[in-house]
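Asks: Sharing a structure, written as structure tokens. Questions coming.
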Amino acid sequence: MKILILGAGGREYSIARAISNEDEQHELFFQPGNGATNNLGTNLNIKDYNDLAVYAKENEIELTIVGPEAPLVDGVVDIFKSHGLTIFGPSKEAAQLEGSKVYMKNFLAKYNIPTARYIETSSIEDAFKFTDTLSTPIVVKADGLCGGKGVIIAQSHDEAKVAISEMLSGKSFGDAGLKVIVEEFLDGYELSMFAVCDGKDYILLPAAQDHKRLMDNDEGPNTGGMGAYAPTPLVDEELYQKVKDRIIRPTLDGMQKEGAPFEGVLFIGIMVVNGEPITLEFNVRFGDPECEILMPLMTSSVSDMFLKAATNRLSEIKVEFSKQYAVGVVMASENYPYSSSTPAEIILDDTHHEEIEKNTHISYAGVSMDDNKLYADGGRVLVCVGLGDTIKQARDRAYLRCGQVHFAGKKLRTDIAYQALS
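With the UniProt record's numbering applied, the sequence shown covers 1 to 422.
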């Protein structure tokens with residue numbers, strides 16, 4: 001099958017890697033891809049979505065998979081479908097579940113899906129008034145897409161009001177912050193759950209936990225994610241059932257009623273408070289780095305799952321998962337997440353180590369290729385993934401692989417999966 005993957009990160013690399021490892025032979029294309037994806041297929045440079053759809057049609061692309069949120073919110077799925085192409089991802093309307101936090105919160109309220117108490121407003125007075133009714137910490141969110149950085153957890157009322165003022169003035173996030181959500185802080189533990197949906201049916205993948213903060217012990221600034229592990233032992237069958245009954249099913253039914261059936265990946269950020277799942281946020285694509293640990297846990301065909309979801313036929317297949325655990329450790333560049341870093345050559349140890357070779361791999365993200373040399377050339381450079389029969393074994397293997405990767409200024413956390421091991 002000819003498959004086009006949109007995106008340039010570790011998430012897209014991990015999807016491509018999983019598809020490349022299938023028994024069936026596939027031909028892969030990437031728009032734009034990165035310095036390592038061209039080892040798995042062909043990198044393109046076609047920025048206009050209409051032009052890309054024409055290319056896909058002319059080259060008989062049978063399935064397109066969209067990795068990041070921006071093309072989805074911009075309507076790439078609608079454009080491809082208008083050309084008669086098969087594409088995995090939500091429509092522009094359905095992608096508002098991530099594209100607008102206001103849309104998402106109002107949707108949750110309308111369909112009685114559990115979420116934190118909130119106000120959505122563009123009025124600074126109303127936002128301040130609601131802030132005064134909350135105890136600290138207080139959560140302030142920009143409405144639009146902010147690259148995963150649009151959420152502030154304020155430790156005081158004054159800090160919350162500064163965040164609100166800066167968002168509404170356009171100072172923090174431009175137009176994305178001209179409407180804000182202020183909501184109560186929920187105290188519990190956070191989970192990432194992913195449902196692959198075809199509008200009506202869905203397949204729930206193993207629950208993961210990611211690590212947003214830059215440094216060990218959850219210190220430092222928020223990032224796009226510094227590591228993740230799955231499945232997490234913090235979820236039992238009862239909790240899975242509650243998520244299915246109270247969040248996923250009413251969301252899919254609600255989106256059908258809204259005239260925007262949800263096809264694609266529904267990423268549910270959940271806070272578990274006293275055993276009850278509460279929706280923090282929806283995203284409309286795989287998390288990164290969660291995708292990098294979920295793909296290697298799938299033992300059935302990844303490409304077939306995406307194809308069946310894109311053609312509303314998920315009920316025809318059974319998706320199977322390994323009994324193992326996966327831990328992914330992000331290696332980032334020197335100045336991440338503050339500013340860009342000078343490209344640095346990546347050197348991989350070539351010492352033979354059977355355990356590492358069999359049970360680990362690297363998903364490449366912010367990398368470029370020059371003169372057959374790979375360079376760290378982005379914020380999050382790569383993810384070292386370890387597999388094992390226990391979380392500890394998977395983690396130990398991931399860190400062994402990290403020890404084989406060298407580039408100037410490399411930065412990583414040393415405590416990924418600590419929640420499961422403490």
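By construction, the Cβ of each residue, glycine as well, lies at the ideal position given by its N, Cα and C atoms.
Return the Cβ separation of G35 and V367 in integer angstroms, given the expectation that the two are a contact with Cβ distance under 8 Å.
Replies: 4 Å
Asks: Helix, strand or coil: which one does DSSP assign to N359?
Replies: helix
Asks: I believe Q209 touches A228 by the beta-carbon criterion, under 8 Å. Please report the beta-carbon distance rounded to the nearest angstrom.
Replies: 6 Å
Asks: Measure from the alpha carbon of K257 to the alpha carbon of each residue in I124, Y111, A310, then state which is nearest.
Replies: Y111
Asks: Starting from E12, follow the alpha helix (DSSP H) in both directions and report where the run begins and ends.
Replies: 10-20
Asks: In or out: P233 buried (at least 16 other Cβ within 10 Å) or exposed?
Replies: exposed
Asks: With DSSP run on the structure shown, which of helix, strand or coil describes D158?
Replies: helix
Asks: When the Cα of T64 is compared with those of M331, P114, K373, M305, which residue comes out closest?
Replies: M305
Asks: Taking CB distances under 7 Å as the criterion, tell me whether D253 reaches chain D.
Replies: No chain D is present in this structure, which holds just one protein chain.
Asks: Indicate whether the contact test is met: 3 or more Cβ pairs, each with one atom in the region 294-310 and one in the region 274-283, closer than 8 Å.
Replies: no
Asks: From A160 to I152, what distance separates their C-alpha atoms?
Replies: 8 Å
Asks: Excluding the 5 residues preceding and the 5 following K373 in the sequence, name in chain order all residues of the same chain whose CB lies nearer than 6 Å to its CB.
Replies: E345
Asks: Going by C-alpha to C-alpha distance, which of A420, L28, T42, S14 sits closest to V235?
Replies: A420
Asks: If we count the other Cβ atoms within 10 Å of its Cβ and call it buried at 16 or more, is G224 buried or exposed?
Replies: buried
Asks: Smallest Cα separation from N59: which of V73, E69, L44?
Replies: Minimum Cα-Cα distance from N59 among the listed residues V73, E69, L44 corresponds to L44.
Asks: Between the beta-carbon of V284 and the beta-carbon of L145, is there less than 7 Å?
Replies: no
Asks: Determine the direct distance from the alpha carbon of K57 to that of S380, and round the result to whole angstroms.
Replies: Reading off the sequence shown, one finds Arg at residue 380, where the question assumed Ser. Their backbone Cα atoms lie some 33 Å apart in a straight line.
Asks: Considering just the uninterrupted stretch of the alpha helix (DSSP H) at V77, what are its terminal residues?
Replies: For V77, the enclosing alpha helix (DSSP H) stretches over residues 76-82.
Asks: Locate the alpha helix (DSSP H) running through C291, then write down its first and last residues.
Replies: From DSSP, the alpha helix (DSSP H) with C291 extends over 290-294.
Asks: May I have the straight-line CA-CA distance separating E154 from G269, to the nearest angstrom?
Replies: Strictly speaking, residue 154 in this sequence is Ala, with Glu absent from that position. If you take the alpha carbons of A154 and G269, they lie about 19 Å apart.
Asks: For the candidate residues Y202, F321, E24, L178, whose alpha-carbon lies nearest to that of R249?
Replies: Closest option to R249, Cα to Cα, is Y202.
Asks: Which stretch, first to last residue, makes up the beta strand (DSSP E) that contains D126?
Replies: Here D126 belongs to no beta strand (DSSP E); instead the alpha helix (DSSP H) covers 124-131.
Asks: Report all residues from its chain with a CB closer than 6 Å to the CB of K410; omit the five preceding and five following residues, and keep chain order.
Replies: Taken in chain order, the residues that qualify are M331.
Asks: Contact defined as beta carbons within less than 8 Å: I believe S363 pairs with E292. What is the distance between those atoms, to the nearest angstrom?
Replies: 4 Å
Asks: With burial defined as no fewer than 16 other Cβ atoms inside 10 Å of the residue's Cβ, what is the status of P337: buried or exposed?
Replies: buried
Asks: Where do the ends of the alpha helix (DSSP H) carrying residue 424 lie?
Replies: Because the chain spans 1 through 422 in this model, residue 424 falls outside it and cannot be assessed.
Asks: Pull up the distance between the alpha-carbon of H157 and that of G177, whole angstroms please.
Replies: Going by the C-alpha atoms only, they are around 19 Å apart.
Asks: State the Cα-Cα distance for the pair L204 and Y189, rounded to the nearest angstrom.
Replies: When rounded, the distance between both Cα atoms is 20 Å.
Asks: Going by DSSP in three states, L40 sits in which element: helix, strand or coil?
Replies: coil
Asks: Suppose the cutoff is 8 Å on Cβ atoms and the five residues either side in sequence are ignored; what does the same chain contact list for M369 look like?
Replies: G35, A36, N38, Y375
Asks: Please tell me whether G10 and V383 are closer than 7 Å, where the distance is taken between their beta carbons.
Replies: Their beta carbons are under 7 Å apart, which means G10 touches V383 by this criterion.
Asks: Throw me the rounded Cβ distance for the D216 and T414 pair, which I believe falls under 8 Å.
Replies: 6 Å
Asks: Any chance the region 314-331 sits against the region 95-102, with 3 or more Cβ pairs inside 8 Å?
Replies: no
Asks: Measuring alpha carbon to alpha carbon, tell me which residue in A142, I61, E238, S165 is nearest I5.
Replies: I61
Asks: Going by C-alpha to C-alpha distance, which of R395, L412, G403, Q404 sits closest to Y418?
Replies: The shortest C-alpha separation from Y418 is found at R395.
Asks: Locate the alpha helix (DSSP H) running through V102, then write down its first and last residues.
Replies: Here the alpha helix (DSSP H) through V102 covers 101-110.
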